[in-house]
Amino acid sequence: WGGIGNESLKLPESVYLIGNCPHDWLFQHVAAVCHHGGAGTTAAGLKAGKPTIIVPFFGDQPFWGHMVSTYGVGPPPIPFKKLTSESLGAALTAVLSSEMQMKADKLAHLLAGEHGLMEGARSFHHHLPISNMVCDVLNGSDPWGPRAELARYMVPELGTKVSPAGLQVLKAQGKISNSTMVVPHFAVEWNIDLQGSVGKAVSSTAEEVKSWAQTAVSASTDTARGAMELICQPMKGIALAKEEYLVSGKMTSAAAGYVAKGMGNGIFKFVYFPTRATGKILDQASTSLHKLNAVINNKEYHRETSQPHIENAVDGIKEGFISAGKGIALGFSGLVTKPYKGAVRGGAFGAAKGFSQGVSGFLIKPLAGMVDLVGHSSKGIYQSIKHSSNNNSSSNLTDDPELSDNPVPAGAIFVEMKKNIMEVTIDSFNDESYLDAPPLPPRPPIQSEKSLPNLPSDAELPNYSER
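Next comes the structure, spelled out in structure tokens:
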């Protein structure tokens, strides 16, 4: 069946191998069917009025085998591990009996009178919460009015659920204004209460994925910002130098300073932002490793109280070495202390649990410590650069809000970059140096009618119509 098997099987003449074949056609030409018990194959056999033997493997197949046996149109299902020549022979004898044949014919007539698609659609619509789905304003109650629309918003002030068009109707009627609070409306509220160890694991995993996604977006934005600033800052300096040149009429030291400052700002931010992005990734990696270790040891991890306060490069390097040393020490000592404490508390089972915690700590804690060494040191260097640029008022490097630790939406960053580029472009268009250029030569005068050549009159033109 289905191309399975070949001549090497040496099947008896009573077994006939075929290729792919439609069930609806094939089952009309047999006395009974034996198959795995899939929903489609079972339905095809019963629709054809054939007693059915089911040898289930997995999934819903045991269920359909049980249903076939319950309705008396087949023997009890035979699990494939228990299929023998004796059990298959007994099942074939049962399905060839006149009693089972009659029951299969009767069930086929019942199935022929059913309309499965229509009943499925009716059941689907019956279980829909229609009353909580339809807009209260445009609900289709008027046969000559607009059809019913799906409610997508809720107006808490009125307790009314409305569609986008219904919202406009309420505004036109003066029942609500642009300042009226409108919230999303959901026809069904899915309240999932995650409890127990499995629920906590799912919840913490989802939270960790969200944190990594936010970190990835923020780090990508910083990296892109660094590349863009390498272009925008020099352009800004050139624009200021150009303005200075147009005012003074010559290249001054101030103009050269603008260019140098723009180049310096561009290089500084090109290094600054990717460095900050790397720090964010290392910080998130450290947090994830510490959280994982806390989950394995059935403890709570609070980043706010666990992460050290770093103000400068010295603090960062010092805290990094402390965290690395602590991670290595606890990782190695946990191989001994964790099984011992587990054995004291829970005997052999506790010792096994402690051993697994010790091994996981041996793998995670030193790694987290090394990540902290790099991450804390980088954070300290970053803090020192930031404080140094804040104290240097002449450099004016921190007039950009992006150099602060406050989160700024990525859209605002690129809007600011676009603004810088537009300023340079507009300055280029406002360049009035072309006024000092020599005037263009005058246009040649347009020929008057007297200077035009003599044209033939109508009488002098040949008459083509006569030809």
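So for the sequence shown, the numbering used here puts the first residue at 112; every next one is plus one.
Beta carbons are placed, not taken as given, at the ideal position from N, Cα and C, and that holds for glycine.
Please go through the same chain and pick out, in chain order, the residues whose beta-carbon is closer than 7 Å to the beta-carbon of Ala202, but skip the five residues on each side of it.
Against the sequence shown, residue 202 aligns to sequence position 91. Ile164, Pro186, Ile189.
Does DSSP put Tyr264 in a helix, in a strand, or in coil?
The residue given as residue 264 occupies position 153 in the sequence shown. Tyr264: strand per DSSP, three-state reduction.
Helix, strand or coil for Cys145? Go by DSSP, reduced to three states.
Locating residue 145 in the sequence shown gives position 34, counting from the first residue. Cys145: strand per DSSP, three-state reduction.
Apart from the five residues just before and just after Phe443, which ones in its own chain have a Cβ nearer than 7 Å to its Cβ?
Position 332 of the sequence shown, counted from the start, is the residue given in the question as residue 443. The answer, listed in chain order, is Phe473.
Buried or exposed for Thr204, going by 16 or more other Cβ atoms inside 10 Å?
Translated into positions along the sequence shown, residue 204 becomes position 93. Result: exposed.
Let me know the secondary structure DSSP gives Pro167 once reduced to three states.
Here residue 167 refers to the residue found at position 56 when the sequence shown is read from its first residue. Correct three-state label for Pro167: coil.
Near Pro123, which residues of its chain fall below 7 Å by C-beta distance, leaving aside the five closest residues on each side in sequence?
If you number the sequence shown from 1, residue 123 lands on position 12. Counting only Cβ-Cβ distances below 7 Å, and skipping sequence neighbours, we find nothing.
Using only alpha-carbon positions, find the residue among Pro450, Leu228, Gly461, Val382 that is nearest to Ser75.
Outside the displayed range of the chain (112 to 578) lies residue 75, so it cannot be described from this structure.
Buried or exposed for His146, going by 16 or more other Cβ atoms inside 10 Å?
Translated into the one-based positions of the sequence shown, residue 146 becomes position 35. The residue is buried, with at least 16 neighbouring Cβ atoms inside 10 Å.
Applying the 10 Å Cβ sphere with the 16-neighbour rule, what's the burial state of Pro254?
Reading the sequence shown from its first residue, position 143 is the one you call residue 254. Flag for Pro254 reads exposed.
Is it buried or exposed for Gly480, if we count other Cβ within 10 angstroms and need 16 for buried?
Your numbering for residue 480 matches position 369 in the sequence shown. The residue is buried, with at least 16 neighbouring Cβ atoms inside 10 Å.
Take His296 as the anchor and find which of Arg258, Ala371, Leu228, Met244 has the nearest alpha-carbon.
Against the sequence shown, residue 296 aligns to sequence position 185. It is Met244 whose Cα lies nearest to the Cα of His296.
Which residue's Cα is closest to the Cα of Gly486: His498, Asp394, Lys429?
Within the sequence shown, residue 486 is the residue found at index 375, counting from 1. For Gly486, the nearest C-alpha among the options comes from Asp394.
Are at least three pairs of beta-carbons, each pair with one atom in the stretch 219-227 and one in the stretch 164-173, less than 8 Å apart?
Counting Cβ pairs under 8 Å, fewer than three are found: no touch.
Using the beta-carbon count (16 or more within 10 Å), is Glu230 buried or exposed?
Residue 230 sits at position 119 when you count from the first residue of the sequence shown. Its Cβ having fewer than 16 others within 10 Å, Glu230 is exposed.
Spatial neighbours of Ile129 within its chain, please: CB distance less than 6 Å, with the 5 preceding and 5 following residues excluded, ordered by chain position.
Here residue 129 is taken as the residue at index 18 of the sequence shown, counted from 1. Excluding positions up to five away in sequence, the list is empty.
On the DSSP bridge list, what partners appear for Pro295?
The count along the sequence shown starts at 1 and reaches residue 295 at position 184. DSSP lists Tyr264 as partners of Pro295.
One question on the structure: do Ala276 and Leu249 come within less than 9 Å of each other, judged by their Cβ atoms?
Residue mapping note: residue 276 aligns to position 165 of the sequence shown, counting from 1. Residue mapping note: residue 249 aligns to position 138 of the sequence shown, counting from 1. Yes, they are a contact pair.
Using only alpha-carbon positions, find the residue among Val447, Ser209, Gly431 that is nearest to Ala142.
The sequence position of residue 142 within the sequence shown is 31, counting from 1. Ala142 has its Cα closest to that of Ser209, out of Val447, Ser209, Gly431.
Specify the secondary structure class of Lys272 as computed by DSSP and reduced to three states.
Numbered from 1 along the sequence shown, position 161 holds the residue referred to as residue 272. Of the three classes helix, strand and coil, the one that applies to Lys272 here is strand, per DSSP.
Given 8 Å as the limit, is there contact between the stretch 326-346 and the stretch 377-392, that is, 3 or more CB pairs closer than that?
Yes, they touch.
Do you know offhand how far Leu403's Cα is from Ile496's?
Taking the sequence shown and counting its residues from 1, the one referred to as residue 403 is at position 292. Taking the sequence shown and counting its residues from 1, the one referred to as residue 496 is at position 385. One C-alpha to the other measures close to 32 Å.
Would you report the Cα separation of Val370 and Glu318, rounded to the nearest angstrom?
Stepping through the sequence shown from its first residue, residue 370 is reached at position 259. Stepping through the sequence shown from its first residue, residue 318 is reached at position 207. Each residue's Cα considered, the two are about 46 Å apart.
Determine the closest residue to Tyr182 out of Gly200, Leu157, Ser196, Lys192, with distance taken between C-alpha atoms.
Within the sequence shown, numbered from 1, the residue matching residue 182 stands at position 71. Checked all of Gly200, Leu157, Ser196, Lys192; the closest Cα to Tyr182 is Leu157.
By a C-beta neighbour count over all protein chains shown, 10 Å radius and 16 as the cutoff for buried, is His401 buried or exposed?
By one-based count along the sequence shown, residue 401 stands at place 290. Buried, since its Cβ has 16 or more Cβ neighbours within 10 Å.
Quick check: Gly445 and Lys476, are their CB atoms within less than 9 Å of each other?
Residue 445 sits at position 334 when you count from the first residue of the sequence shown. Residue 476 sits at position 365 when you count from the first residue of the sequence shown. Yes, Cβ-Cβ distance for Gly445 and Lys476 is below 9 Å.
State the start and end residues of the unbroken alpha helix (DSSP H) segment that holds Tyr369.
Along the sequence shown, one-based indexing puts residue 369 at 258. Unbroken alpha helix (DSSP H) run through Tyr369: 364-407.
Can you tell me the Cα-Cα spacing of Gly160 and Leu278, whole angstroms?
Position 49 of the sequence shown holds residue 160. Position 167 of the sequence shown holds residue 278. Near 56 Å, if we compare the C-alpha coordinates of Leu278 and Gly160.
With burial defined as no fewer than 16 other Cβ atoms inside 10 Å of the residue's Cβ, what is the status of Arg456: buried or exposed?
As a working mapping, residue 456 is identified with position 345 in the sequence shown. Result: exposed.
From Val470, Ala150, Ile421, pick the residue whose C-alpha is nearest to that of Ile492; which is it?
By 1-based counting over the sequence shown, the position of residue 492 is 381. Comparing Cα-Cα distances from Ile492 to each of Val470, Ala150, Ile421, the minimum goes to Ile421.
Return the first residue and the last residue of the alpha helix (DSSP H) that Arg233 is part of.
Mapped onto the sequence shown, residue 233 falls at position 122. Counting along the chain, the alpha helix (DSSP H) containing Arg233 begins and ends at 227-237.
What distance in whole Å lies between the Cβ atoms of Val328 and Ala396, which are believed to be in contact at a cut-off of 8 Å?
Taking the first residue of the sequence shown as position 1, residue 396 is located at position 285. Taking the first residue of the sequence shown as position 1, residue 328 is located at position 217. In fact, because the Cβ distance is near 16 Å, the residues do not count as touching under 8 Å.
Counting along the chain, where does the alpha helix (DSSP H) carrying Leu207 start and finish?
Translated into the one-based positions of the sequence shown, residue 207 becomes position 96. Leu207 -> no alpha helix (DSSP H), and no H or E assigned at all.
Just to confirm my understanding: we take Lys452, look at its own chain, exclude 5 residues before and 5 after, and list those with CB closer than 7 Å. What are they?
Taking the sequence shown and counting its residues from 1, the one referred to as residue 452 is at position 341. For Lys452, where only same-chain residues beyond five positions count, the Cβ hits under 7 Å are Gly465.
When you compare each of Gly458, Phe460, Val470, Ile439 to Leu478 by their alpha carbons, which one comes out closest?
In the sequence shown, counting from the first residue as 1, residue 478 sits at position 367. Cα-wise, what sits closest to Leu478 is Ile439.
Spatial neighbours of Asp426 within its chain, please: CB distance less than 6 Å, with the 5 preceding and 5 following residues excluded, ordered by chain position.
Reading the sequence shown from its first residue, position 315 is the one you call residue 426. Excluding sequence neighbours, Asp426 sits near Gly491.
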